[in-house]
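K.L.:
If you scroll down you'll find the structure; I have some questions about it.
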Amino acid sequence: TQKRGSISMVKPTGWHLAKYDFIDGKYLYNRCHLIAYELSGENANVQNLITGTRYMNVVGMQPFEDKTAWYILRTGNHVLYRCTPIFEGDNLLATGVLLEARSIEDHGEGICFNVFCYNVQPNIKIDYHTGDHQLVVQD
């Protein structure tokens with residue numbers, strides 16, 4: 001695949017530019033690839049990007065994406081992989097994403113998961129209808 005380019009021109013539904021100092025990377029929202037760039041090689045495909053929290057992207061999705069990519073690289077085998085964003089009603093932000101994968105040649109022995117990654121960020125209250133957000137003050 002080519003070197004990954006900018007995706008800053010893509011504004012998925014519910015997109016807000018928001019920064020908090022306590023978030024790794026500072027930004028609350030990421031442009032999350034549904035099918036990871038490392039698996040698809042697709043960069044700025046608007047049909048493959050949603051607004052997701054940094055937490056969902058890095059803590060929720062990335063470990064499963066990395067595990068899948070490593071399996072493919074190590075074995076050369078094929079993987080059925082699907083990522084479904086779950087939207088409730090007319091919300092602009094997904095509640096989360098359903099990640100599913102199963103390795104083909106070994107009938108799921110190498111890769112087999114079905115997980116839900118919640119679109120949340122610790123200490124932030126999110127309005128999924130609009131994408132608005134606010135810091136939750138802990139007592």
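Sequence positions in the sequence shown follow my numbering and run 1 to 139.
Note that beta-carbon positions come from the ideal geometry of N, C-alpha and C, so glycine has one too.
From a predicted model like this one, the values you see are computed outputs, not experimental measurements.
Are there three or more Cβ pairs, one per stretch, closer than 8 Å when the segment 50 to 65 is compared with the segment 81 to 99?
P.N.:
The segment 50 to 65 is in contact with the segment 81 to 99.
K.L.:
In chain order, what residues of the same chain lie with their CB nearer than 8 Å to the CB of Ile104, ignoring the 5 residues before and after it?
P.N.:
Working through the sequence shown from its first residue, we reach residue 104 at position 104. Cβ neighbours of Ile104 beyond the five flanking positions: Asn77, His78, Val79 and Leu80.
K.L.:
From the DSSP output, in three-state form, read off Thr68 for me.
P.N.:
Position 68 of the sequence shown, counted from the start, is the residue given in the question as residue 68. Note: Thr68 maps to helix in three-state DSSP.
K.L.:
For Asn114, is the classification buried or exposed, using 16 other Cβ atoms within 10 angstroms of its Cβ as the cut-off for buried?
P.N.:
As a position in the sequence shown, residue 114 is number 114, starting the count at 1. Label assigned to Asn114: exposed.
K.L.:
Since Gly96 sits in a beta bridge, which residues does DSSP pair it with?
P.N.:
Numbered from 1 along the sequence shown, position 96 holds the residue referred to as residue 96. Paired residue(s): Ile86 and Tyr118.
K.L.:
Helix, strand or coil: which one does DSSP assign to Asn48?
P.N.:
In the sequence shown, the residue the question calls residue 48 occupies position 48. If DSSP states are grouped into helix, strand and coil, Asn48 belongs with the helices.
K.L.:
Exposed or buried, which one is Met9 when buried takes at least 16 other CB atoms within 10 Å?
P.N.:
Position 9 of the sequence shown, counting from 1, holds the residue named residue 9. Counting Cβ neighbours within 10 Å, Met9 comes out exposed, since fewer than 16 surround it.
K.L.:
DSSP on Gln134, reduced to helix/strand/coil?
P.N.:
Walking along the sequence shown from the start, residue 134 turns up at place 134. Here Gln134 sits in strand by DSSP.
K.L.:
Hey, would you say Gln121 sits closer than 8 Å to Ile23, going by beta carbons?
P.N.:
Taking the first residue of the sequence shown as 1, we reach residue 121 at position 121. Taking the first residue of the sequence shown as 1, we reach residue 23 at position 23. Yes; because the gap between Cβ atoms is below 8 Å, this pair is in contact.
K.L.:
Give me the residue from Tyr55, Leu28 and Gly89 with the minimum Cα distance to Tyr20.
P.N.:
On the sequence shown, position 20 is the one that residue 20 refers to. With distances taken between Cα atoms, Tyr20 lies closest to Leu28.
K.L.:
Which whole-angstrom value is the C-beta distance of Ile35 and Cys112, which I expect to be below 8 Å?
P.N.:
Mapped onto the sequence shown, residue 35 falls at position 35. Mapped onto the sequence shown, residue 112 falls at position 112. With 8 Å as the limit, Ile35 and Cys112 do not qualify as a contact, their Cβ atoms being about 18 Å apart.
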